[in-house]
Amino acid sequence: MAYYSTNDFKAGLKVMLDGNPCSIMENEYVKPGKGQAFNRVKLRNLRSGKVLEKTFKSGDSLEAADIVEVEMDYLYNDGEMWNFMDPVSFEQIAADKTAMGDAAKWLKDDSNEKCTIMLFNGVPLTVSPPNFVVLKIVETDPGVRGDTSGGGGKPAKLETGAVVRVPLFVQQEESVRVDTRTGDYLERA
Numbered sequence: 001m002a003y004y005s006t007n008d009f010k011a012g013l014k015v016m017l018d019g020n021p022c023s024i025m026e027n028e029y030v031k032p033g034k035g036q037a038f039n040r041v042k043l044r045n046l047r048s049g050k051v052l053e054k055t056f057k058s059g060d061s062l063e064a065a066d067i068v069e070v071e072m073d074y075l076y077n078d079g080e081m082w083n084f085m086d087p088v089s090f091e092q093i094a095a096d097k098t099a100m101g102d103a104a105k106w107l108k109d110d111s112n113e114k115c116t117i118m119l120f121n122g123v124p125l126t127v128s129p130p131n132f133v134v135l136k137i138v139e140t141d142p143g144v145r146g147d148t149s150g151g152g153g154k155p156a157k158l159e160t161g162a163v164v165r166v167p168l169f170v171q172q173e174e175s176v177r178v179d180t181r182t183g184d185y186l187e188r189a
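Residue numbering for the sequence shown follows UniProt numbering, starting at 1 and increasing by one per position.
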């Protein structure tokens, strides 16, 4: 198995720590005036999502995590699991609620949206939806022009259950383009 020395540490690197896959978020090299140099590292546990800080002496090493990121098509949700298919091999993988996180509110069944799935030993750790999705508004208040003093907005419920703020001119049953990273309305589709 490959190992990374403290010299190789950088943000985004995937390593094993205490039997759990982790991603390095921040790495700070510290050389005190007296004593040995060390690295102060902030890691995110990819299974639980917890952030922890560790200190490693200069020259220490960590095992590389066997993590693969693959692009798959979203198929459907069966109530407990979200199912994805590899478009090349037609292999299917099911992700649970923990792996889905916020991605679940942006995916609709039979949309065949391309999602990036992070796999650890064949098990999904996280699912990232496409950066932009087009969804239909199922519920929103009618926007009356004189209701605001500045540029306003109103909440709109999308067909997947997500709620986003949209401009007053957007009506029910219209499709809108949304940025899934921030949850912001971009434009009418």
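Note that the Cβ used here is the ideal one computed from N, Cα and C, for glycine as well.
When the Cα atoms are used, what is the spatial distance from Pro21 to Val51?
Taking the sequence shown and counting its residues from 1, the one referred to as residue 21 is at position 21. Taking the sequence shown and counting its residues from 1, the one referred to as residue 51 is at position 51. When rounded, the distance between both Cα atoms is 12 Å.
If you draw a straight line from the alpha carbon of Val70 to that of Ile117, how long is it in whole angstroms?
If you number the sequence shown from 1, residue 70 lands on position 70. If you number the sequence shown from 1, residue 117 lands on position 117. When only Cα atoms are considered, Val70 and Ile117 end up about 5 Å apart.
Ala99 in three-state terms, based on DSSP
Along the sequence shown, one-based indexing puts residue 99 at 99. Three-state DSSP puts Ala99 in a helix.
By the 10 Å Cβ neighbour count, where 16 or more other Cβ atoms means buried, how is Ser23 classified, buried or exposed?
Translated into the one-based positions of the sequence shown, residue 23 becomes position 23. So Ser23 counts as buried.
When we look at the beta-carbon of Phe9 and count the other beta-carbons within 10 Å, is it buried (16 or more) or exposed?
If you number the sequence shown from 1, residue 9 lands on position 9. Looking at its Cβ environment, which holds 16 or more other Cβ atoms inside 10 Å, Phe9 is buried.
Count Cβ pairs between the segment 93-104 and the segment 36-46 that sit closer than 8 Å; are there 3 or more?
In short, these stretches do not touch, since the Cβ pair count stays below three.
When you compare each of Ser5, Ser61, Thr160, Arg177 to Pro167 by their alpha carbons, which one comes out closest?
The count along the sequence shown starts at 1 and reaches residue 167 at position 167. Closest option to Pro167, Cα to Cα, is Arg177.
Trp82 - containing beta strand (DSSP E), residue span:
Numbered from 1 along the sequence shown, position 82 holds the residue referred to as residue 82. Looking at the DSSP string, the run of the beta strand (DSSP E) that includes Trp82 is 82-85.
Among the residues of its own chain, which have a CB less than 8 Å from the CB of Leu67, if the five just before and after it don't count?
Position 67 of the sequence shown, counted from the start, is the residue given in the question as residue 67. Leu is not the amino acid found at residue 67; the sequence shown has Ile there. Result list for Ile67: Lys14, Pro21, Leu46, Met118, Leu119, Phe120, Leu125, in chain order.
With DSSP as the reference, please indicate the residues paired to Pro130 in a beta bridge.
Within the sequence shown, numbered from 1, the residue matching residue 130 stands at position 130. Within the DSSP bridge table, the entry for Pro130 names no partner.
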